[in-house]
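Colleague:
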Amino acid sequence: MTTATIPATLLRIDSQAQFNHCVTEHEFLLVLFSASWCAPCQPFAKVYAEVAAQHPELMFATVDIDTATDLAGNFQVTQVPALMVVRERIVIDMASGAMHAHELTHHVQMWQAFDMTAFSAHFEQKAIVENHG
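Take 147 as the starting number for the sequence shown in my numbering and just add one per residue.
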């Protein structure tokens, strides 16, 4: 069984606690869930690393679902490879399946352009209701 090597530009997350820390430290976090036994994960990991290298302003991370079982379970990851996108501590998207570089690049651009105003307003209003309810 071959284990994919993780380029130095990618952060490896091994637990829920480490993920929680990363979310507080980075406004924009892309997380690739994969496994060493997953055949499509290996070539997609290379694509993911290439796209990460093109976007040094963003944090790209990887999670081995067999190592970070708590994290994979909490986010109900049932298929790999899977991508999760977190902006301003909010999961804004999850996608399953490998992509070509141009597809992933398009998704990254779409996620960057996503207007967080409505999300932020929703959670601010929810906090007000919960604190006064």
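C-beta: ideal position from N, C-alpha, C; glycine also.
All figures in this text were calculated on a predicted structure; none of them were measured in a lab.
In chain order, what residues of the same chain have a beta carbon less than 8 Å from the beta carbon of residue 184, not counting five sequence neighbours either side?
Modeller: Along the sequence shown, one-based indexing puts residue 184 at 38. Same-chain partners within the cutoff: 226, 227.
Colleague: For the segment 188-262, list the alpha helix (DSSP H) runs that are entirely contained and at least 4 residues long, ordered along the chain.
Modeller: Runs found: 215-220, 247-259.
Colleague: For the segment 164-184 against the segment 199-214, are there 3 or more C-beta pairs whose distance is under 8 Å?
Modeller: Output reads yes: the segment 199-214 touches the segment 164-184.
Colleague: Could you work out which residue in 259, 245, 218, 202 is closest to residue 164 when comparing CA atoms only?
Modeller: Here residue 164 refers to the residue found at position 18 of the sequence shown. Looking at the Cα atoms, 218 is the closest of the given residues.
Colleague: Where does residue 276 fall in DSSP's three states?
Modeller: Taking the first residue of the sequence shown as position 1, residue 276 is located at position 130. The answer is helix: DSSP assigns residue 276 an H, G or I state.
Colleague: Spell out a yes or no on whether the segment 254-263 and the segment 181-195 are touching, meaning 3 or more CB-CB pairs, one atom from each, closer than 8 Å.
Modeller: No, the segment 254-263 does not touch the segment 181-195.
Colleague: If you run the structure through DSSP and keep just helix, strand and coil, what is residue 182?
Modeller: What you label residue 182 is simply residue 36 of the sequence shown in a count that begins at 1. Note: residue 182 maps to coil in three-state DSSP.
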